[in-house]
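Single-structure report; data block below.
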Ligand code: BG6
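In our numbering, the protein residues as written are 46 to 520.
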């Protein structure tokens with residue numbers, strides 16, 4: 046496995062710890078090697094120490110031991126090169142060596158999307174893109190439909206679609222996969238999973254983190270490109286899609302792409318009614334003062350990048366007609382929580398004063414749980430009703446099992462060549478086709494994001510988006 050951008054945040058914080066876990070669990074072939082590739086000169090030993098520091102910090106203490114680390118470190122190597130210079134790839138190929146030339150090979154592009162095209166072209170030029178290779182691209186794939194099309198075309202000119210793995214790590218999260226199990230392995234929900242019974246859906250991915258040391262990237266991306274275009278739309282697809290005919294890569298992705306294609310376009314002045322952009326100002330997170338977004342490292346002082354976005358999305362098909370999907374994501378929010386709320390309609394005839402509509406909440410983080418709110422009677426005299434929860438905490442259901450990080454699952458899928466949990470080319474393009482007009486609408490009609498103090502769940506306008514219809518975010 047060659048990791049381009051091998052000394053970047055993603056490689057050090059996510060990929061190497063995930064590979065360490067796979068090594069520890071005996072899931073990597075004995076002769077598998079991991080070559081980190083990046084621009085600056087570094088000795089192999091120094092890279093191994095750098096990787097060790099990060100893995101020690103990321104991996105639970107009980108899972109880290111020196112002997113296992115030594116075994117893992119043996120797999121690691123480092124190669125310095127300029128990724129845009131085609132001549133450098135011959136040198137890389139020679140370094141890998143003739144005896145490994147025929148081995149199955151994964152190229153992981155943990156780099157800025159602007160490098161995807163030159164890397165693919167250079168790999169092809171150096172005859173390093175044979176049938177036995179796979180390429181992994183990190184989201185976001187481009188920054189607009191046009192750039193995504195260009196990237197997909199450049200990658201497609203070198204690698205066939207089954208060789209391409211476009212990662213959205215949300216698809217590797219256990220509860221996200223559980224969503225498919227919940228929907229398609231339980232007869233209970235299917236008859237209710239439609240407009241007649243569901244009032245609306247909320248999908249929130251709230252973070253307390255700011256932009257950390259990713260200001261330079263984030264200031265050009267913003268919450269829409271960084272989170273909504275990919276993670277939130279993928280979650281929406283899994284909630285809304287029809288049952289696939291089989292559980293395999295093509296069937297699942299066919300259904301997801303259909304949903305993306307039926308999202309009602311939001312463009313022009315619509316953006317004022319259906320979207321909210323926000324940017325955090327100074328505030329408090331966990332009792333600590335934190336600076337405003339525009340004072341973060343590598344962020345423009347007059348930046349108008351959004352760190353929060355909320356959208357009222359609608360799906361134009363038979364099942365979901367008239368059911369809004371409220372999507373929301375932001376940095377520096379009140380607390381870290383990612384969840385999907387399926388809000389059912391009230392009973393058709395209210396026998397009891399205090400009855401409330403049912404709600405199914407699927408929480409992805411911080412803990413993985415699925416809870417169903419039902420109405421029941423409070424003990425004692427009279428018929429006073431109270432909401433009660435059927436609550437499934439997955440960590441308690443499987444107490445012995447270590448919770449896999451999404452990247453562990455996805456890296457293993459790349460190695461075995463299973464693309465079910467990866468985005469297909471047309472999916473990425475369909476997602477951009479919906480997002481692009483919103484970005485354009487913002488440029489024309491909605492320049493300045495609304496401020497919200499760090500530690501709050503976005504600007505007030507995000508509340509109004511639901512309140513207009515007598516609804517509220519579940520916080
Ligand atoms: C990444 C985004 O894709 O997802 C980050 O680039 C974000 O900005 C992260 O913080 C959130 O992932 P998770 O798994 O912590 O919810």
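For glycine and all other residues, C-beta sits at the position ideal for the given N, C-alpha and C.
query = Using a Cβ-Cβ distance under 9 Å, would residue 452 count as near chain D?
reply = Among the chains of the structure shown, chain D does not appear; only one protein chain is present.
key: Proximity test, residue 271 beta-carbon vs the ligand BG6 heavy atom, cut-off 8 Å   = With a threshold of 8 Å, the Cβ atom of residue 271 counts as near the ligand BG6, since some heavy atom of the ligand is closer than that.
message = Rounded to whole angstroms, what is the Cα-Cα separation between residue 68 and residue 320?
response = Cα atoms of residue 68 and residue 320: separation of roughly 44 Å, rounded to the nearest angstrom.
inquiry  = Do residue 455 and residue 85 have their beta-carbon atoms positioned less than 9 Å apart in this structure?
reply    = Not in contact: residue 85 and residue 455 (Cβ atoms no closer than 9 Å).
task = Would you grab the beta carbon distance between residue 409 and residue 422 for me? Rounded to a whole angstrom, and I think it's under 8 Å.
result = Approximately 32 Å separates the beta-carbon atoms of residue 409 and residue 422; this is outside 8 Å, ruling out the contact.
message = Using CA atoms only, rank isn't needed, just tell me which of 511, 502, 220 and 512 is closest to residue 254.
response = Per the Cα distances, 502.
message = Can you find the residues in the same chain that come closer than 7 Å, C-beta to C-beta, to residue 272, ignoring five residues on each side of it along the sequence?
response = Only 250 and 374 meet the Cβ criterion.
ask   = Measuring from the CB of residue 252, is there a heavy atom of the ligand BG6 at a distance below 8 Å?
value = Taking non-hydrogen atoms of the ligand BG6 into account, the C-beta of residue 252 is found less than 8 Å away from one of them.
request  = Run the CB neighbour count on residue 366, radius 10 Å, all protein chains shown included, and call it buried at 16 or more, exposed below.
outcome  = So residue 366 ends up on the exposed side.
message = Please tell me whether residue 50 and residue 82 are closer than 9 Å, where the distance is taken between their beta carbons.
response = Closer than 9 Å, so yes.
task = Report the option in 172, 479 and 78 whose CA atom is closest to the CA atom of residue 309.
result = Checked all of 172, 479 and 78; the closest Cα to residue 309 is 479.
ask   = Just the Cα atoms here: how many angstroms apart are residue 237 and residue 369?
value = Near 16 Å, if we compare the C-alpha coordinates of residue 369 and residue 237.
query = Three-state secondary structure (DSSP) at residue 350?
reply = Of the three classes helix, strand and coil, the one that applies to residue 350 here is coil, per DSSP.
message = For residue 161, count the other beta carbons within 10 Å of its own beta carbon; 16 or more makes it buried, fewer makes it exposed. Which is it?
response = It counts as buried.
request  = Below 8 Å on the Cβ atoms is my guess for residue 165 versus residue 138; work out the distance and round it to an integer in Å.
outcome  = Between residue 138 and residue 165 the Cβ distance is about 15 Å, and since that is not below 8 Å, they are no contact.
inquiry  = Is it buried or exposed, residue 459, if we count other Cβ atoms within 10 angstroms and call 16 or more buried?
reply    = Using a 10 angstroms sphere on the CB of residue 459, the tally of other CB atoms reaches 16 or more, which defines it as buried.
message = On the DSSP letters alone, give me the boundaries of the alpha helix (DSSP H) that residue 170 sits inside.
response = Element bounds for residue 170: 161-170.
request  = Tell me, please, whether the region 474-491 touches the region 312-326 by the rule of three or more beta-carbon pairs shorter than 8 Å.
outcome  = Enough Cβ pairs lie closer than 8 Å, so yes.
query = Is it the case that the CB of residue 214 approaches a heavy atom of the ligand BG6 more closely than 8 Å?
reply = True, at least one ligand heavy atom lies under 8 Å from that Cβ.
request  = Have a look at 332, 333 and 347 and flag the residue whose alpha-carbon is nearest the alpha-carbon of residue 339.
outcome  = Nearest option by C-alpha distance: 347.
message = For the ligand BG6, is there any heavy atom lying closer than 8 Å to the beta carbon of residue 263?
response = Yes, since a heavy atom of the ligand BG6 falls inside the 8 Å radius drawn around the Cβ of residue 263.
task = Report the rounded CA-to-CA distance for residue 528 versus residue 362, giving the unit in angstroms.
result = The structure shown has nothing for residue 528, since the chain only spans 46 to 520.
For residue 280, the first and last residue of its enclosing alpha helix (DSSP H) = Its alpha helix (DSSP H) spans residues 278-285.
4 or more residues per run - each alpha helix (DSSP H) lying fully within the region 179-212 = Counting only runs of 4 or more, we get 190-203.
ask   = Measuring from the CB of residue 342, is there a heavy atom of the ligand HEM at a distance below 8 Å?
value = The model depicted lacks the ligand HEM and carries the ligand BG6 instead.
message = In whole angstroms, give me the CA-to-CA distance for residue 97 and residue 114.
response = Annotation: residue 97 to residue 114 spans about 8 Å, alpha carbon to alpha carbon.
ask   = Under 9 Å between the Cβ atoms of residue 356 and residue 372?
value = Cβ atoms of residue 356 and residue 372: closer than 9 Å.
ask   = Is it the case that the Cβ atoms of residue 176 and residue 268 are separated by a distance below 9 Å?
value = Annotated as distal: residue 176 and residue 268, with beta-carbon spacing of 9 Å or more.
Residue from 220, 239 and 515 with nearest C-alpha to residue 443 = From the listed residues 220, 239 and 515, the smallest Cα separation to residue 443 is found for 220.
query = Run through DSSP, which three-state label would residue 105 get?
reply = Secondary structure of residue 105 (DSSP, three-state): coil.
query = Among 434, 121 and 57, which one has its Cα closest to the Cα of residue 76?
reply = Each of 434, 121 and 57 was checked against the Cα of residue 76, and the nearest Cα belongs to 121.
request  = Compute the Euclidean distance between the alpha carbons of residue 146 and residue 46, then round it to the nearest angstrom.
outcome  = Cα to Cα, residue 146 sits roughly 12 Å from residue 46.
query = What's the C-alpha gap between residue 275 and residue 473?
reply = As the crow flies, the alpha-carbon of residue 275 is around 8 Å from that of residue 473.
request  = Count the other C-beta atoms from every protein chain shown that fall within 10 angstroms of the C-beta of residue 419, then say buried if there are 16 or more, exposed otherwise.
outcome  = By the 16-neighbour rule on beta-carbons within 10 angstroms, residue 419 is exposed.
ask   = Which residue or residues does DSSP assign as beta-bridge partners of residue 32?
value = Nothing can be reported for residue 32: it is not among the residues displayed for the chain, which extend from 46 to 520.
ask   = Is it true that the CB of residue 302 sits closer than 9 Å to the CB of residue 469?
value = For residue 469 and residue 302, yes; Cβs fall inside 9 Å.
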